[in-house]
Amino acid sequence: MSPETPHLPSTGAELVRQSPDRAGPSAHGGLLRGTDVAVGAAARAARLALRMGETGWGAGVAVARAAAAVPGASSAGRLLGAVTRPLAEEGRQARTRTGSAAETASGRLLEALVPAVVEALDVDGLVRRIDIDDVVRRIDIDQLVRRIVIDDVVSRIEIDDLVQRIDIDQLVRRIVIDDLVRRIEIDDLVQRIDIDALVGRVDVGAIVDRVDVNEVVQRVDIDSVVEETELGTIVARSTSGFASQALDAARTQTAGADTLVSRMVNRALRRKEGDLPAGPPLLAREQAAETHEAAETHEAAETHEAADREPAAETQVPAEDHPGGTPR
Amino acid sequence: MTGAGTRYGAAHQGHYAGALSRLLAYGADLLCLSTAYVVALALVQFAINTATPWQVEFKNGYQLVLVGEFLWAAVYFGSAWVGFGRSPGMSLLGLRIVRSDGATLDRRHALIRLVAFPLGFLTLGAGFLGIIFGRTHRAIYDRIADTAVVYDWDAEAAKLRDLASRGARRREASVQAPAEP
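Listed in order, the protein sequences are those of chains E and G.
For the first sequence, counting from 1, position 51 maps to 51 in the numbering used here; every step adds exactly one.
Whatever position you read off the second sequence (first residue = 1), add 1000 for the numbering used here.
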């Protein structure tokens, strides 16, 4: 369907845009002109009739008032009413029929015209001509919002469905965690935490159960504890008399001298010390197990300490000062 | 005494005891048993001379005294080895007699060792050479009795005692130092 000739769906007629100046010499144009002349004559006649009716109506009213003043006019009026009643009834019925016919005709006309008009309208152009900002400015948003019952709106929302439609991963990816953390006032946050309450909620027993006490004890530098703390003083006062110190010294020096003699003999006999049995098999095995355990403890402690030390400082620690270590 | 020394001793616990330790232990035992024997003889002599009409003079019967000393030494070592697995001198030096495999010394092997012990002297000292030159520091009587002597003293405790003493001395010194002008 071309824009020049919109199709009327209900009647099958065509709506033709035509300027009054473009009436051609065709038969169709002549018919229209004739129609215009007839309608114009009818309009003038109607206007004339209406003027005459108004004048007649005024005269009738005056005559009626004058006649009403004459004696016996009421009886004459009743007689006139009885005589004119069939005419008034017929007139009323004709008016009703005319009204119904006019309504039906106007309804059909609208049915035919409205779709064509709507289709002929350039809605996009119309919308473009509307100043949305101006329209929005005219809206009283506060009043509009006040008229909205928020609870009703919220109750109509299916929160679960809404949440399921949200891509949490994508949402999180869009968050710059660093910026977020930077905006947090850690000090304020910490001050608002009730540490006592927090600690009160901690199951300390469960934590202690998870601690390997043996491993912790193995990490303790017993030598330092004895040497540097008051515990050492207690040990010294309770066990370290002059006699025991002298005995320890004698035994230590003697054992050292034994080793020296053995080394000299082995060198003289060209024996390798590593090939000689250190002690009886059962005791040597026991000793080896203890040495191995001590070495593992030493290694674990060293690894643990290495994490907190600088490499340079680590190299300065003499081997004999390591706790639990067995000198070679 | 140094900490390093004590740790050195700790490393030898359960190892075969060296010649010097065993010699000193034997010397201590000899001193102990000889002193006890002499004191006992003196008491016996005094008692006999005082309480009886006889007069005893051990200088004249030294063979008897020597035999008595051997017997006394046998009792001394035998009872100590059988009962404790070590003699008093060994206890002093922190030594212990064990089976050659490291098991605890039993009565039978302790007695065998006691019987074989004089062979060290009867061989004019050659029986003791194994203590110095042997791979397991065992004398002839150790080989016969299938025993060995090892270090047994608690060097770890000694080390802790040493550390505790040094720490206590250092703390006392630091407390006294500010008080002195």
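Even glycine gets a Cβ: it sits at the ideal position worked out from N, Cα and C.
Below 7 Å on C-beta distance, what does residue i contact in chain E?
i                 : result
Tyr1151 (chain G) : Ala255
Arg1135 (chain G) : Leu276, Pro277
Leu1024 (chain G) : Thr254
Leu1030 (chain G) : What Leu1030 (chain G) touches in chain E: nothing, since even the nearest Cβ is about 17 Å away.
Ala1148 (chain G) : Pro280
Leu1093 (chain G) : Arg251, Thr254
Val1056 (chain G) : None at all; the shortest Cβ gap to chain E is about 37 Å.
Val1044 (chain G) : In chain order: nothing, as chain E lies at least about 31 Å away.
Just to confirm my understanding: we take residue i, look at its own chain, exclude 5 residues before and 5 after, and list those with CB closer than 7 Å. What are they?
i                 : result
Trp1072 (chain G) : Leu1033, Tyr1037
Gly24 (chain E)   : Caution applies to Gly24 (chain E), whose pLDDT of 48 falls short of 50 and renders its modelled position unreliable; the value that the coordinates give is listed next. Cβ neighbours of Gly24 (chain E) beyond the five flanking positions: none.
Which residue from the options puts its Cα closest to that of residue i?
i                 : options                                    : result
Phe1117 (chain G) : G:Val1039, G:Asp1142, G:Arg1022            : G:Asp1142
Ser970 (chain G)  : G:Leu1163, G:Ile1132, G:Ser1165, G:Asp1029 : With chain G covering 1001 to 1181 only, the question about residue 970 (chain G) has no answer from this structure.
Phe1121 (chain G) : G:Ile1140, G:Arg1108, G:Ser1021            : G:Ile1140
Ala1110 (chain G) : G:Trp1081, G:Arg1096, G:Gly1102, G:Gly1134 : G:Trp1081
Gly279 (chain E)  : G:Ser1100, G:Leu1092, G:Ala1025, G:Phe1070 : G:Ser1100
Tyr1076 (chain G) : G:Gln1063, G:Met1090, G:Leu1064            : G:Met1090
Arg1107 (chain G) : G:Val1056, G:Asp1146, G:Asn1049            : G:Asp1146
Gly1134 (chain G) : E:Arg65, E:Asp122, E:Ala268                : E:Ala268
Leu1031 (chain G) : G:Ala1126, G:Ser1087, G:Ile1048            : G:Ser1087
Leu1024 (chain G) : G:Gly1094, G:Ala1103, G:Tyr1016            : G:Gly1094
Could you check what DSSP says for residue i in three-state terms: helix, strand or coil?
i                 : result
Val1150 (chain G) : strand
Ile1097 (chain G) : strand
Ala23 (chain E)   : Residue confidence for Ala23 (chain E) is low, a pLDDT of 45 falling below 50, so the modelled location carries little weight; the figure read from the coordinates is stated next. It is coil, neither helix nor strand.
Thr229 (chain E)  : coil
Thr1104 (chain G) : strand
Leu1043 (chain G) : helix
Which chain G residues sit within Cβ distance under 7 Å of residue i?
i                : result
Val217 (chain E) : The contacting residues do not exist; Val217 (chain E) stays about 15 Å from chain G at best.
Asp223 (chain E) : Leu1163
At 8 Å on the CB atoms, spell out the chain G contacts of residue i, in chain order.
i                : result
Asp261 (chain E) : In the sequence on display, residue 261 (chain E) carries Val and not Asp. Residues of chain G passing the Cβ test: Gly1018, Ala1019, Leu1020, Ile1132.
Val265 (chain E) : Ile1132, Phe1133
Val226 (chain E) : Leu1160, Leu1163, Ala1164, Gly1167
Arg270 (chain E) : Those do not exist, as Arg270 (chain E) stays about 12 Å from chain G at its closest Cβ, beyond 8 Å.
Who are the near neighbours of residue i in its chain, counting only those whose CB is closer than 8 Å to its CB and skipping five residues on each side?
i                 : result
Pro1053 (chain G) : none
Leu1041 (chain G) : Phe1058, Val1065, Gly1068
Ala246 (chain E)  : none
For residue i, go through chain G and note every residue whose CB falls closer than 9 Å to its CB, in chain order.
i                : result
Ala284 (chain E) : Gly1014, His1015, Gly1102
Within the present structure, is the beta-carbon of residue i separated from the nearest heavy atom of the ligand ATP by less than 7 Å?
i                 : result
Ala1080 (chain G) : By its list of ligands, the structure shown contains no ligand whatsoever, and the ligand ATP lies outside what it can speak to.
Return the Cβ separation of residue i and residue j in integer angstroms, given the expectation that the two are a contact with Cβ distance under 8 Å.
i                 : j                 : result
Val1098 (chain G) : Leu1105 (chain G) : 6 Å
Arg1096 (chain G) : Asp1152 (chain G) : 4 Å
Ile254 (chain E)  : Leu1020 (chain G) : The amino acid occupying residue 254 (chain E) in the given sequence is Thr; Ile does not appear at that position. The Cβ separation is near 6 Å, so the contact holds.
Gly1130 (chain G) : Arg1138 (chain G) : 5 Å
Quick one: which chain E residues come within Cβ less than 8 Å of residue i?
i                 : result
Val1175 (chain G) : In chain order: nothing, as chain E lies at least about 11 Å away.
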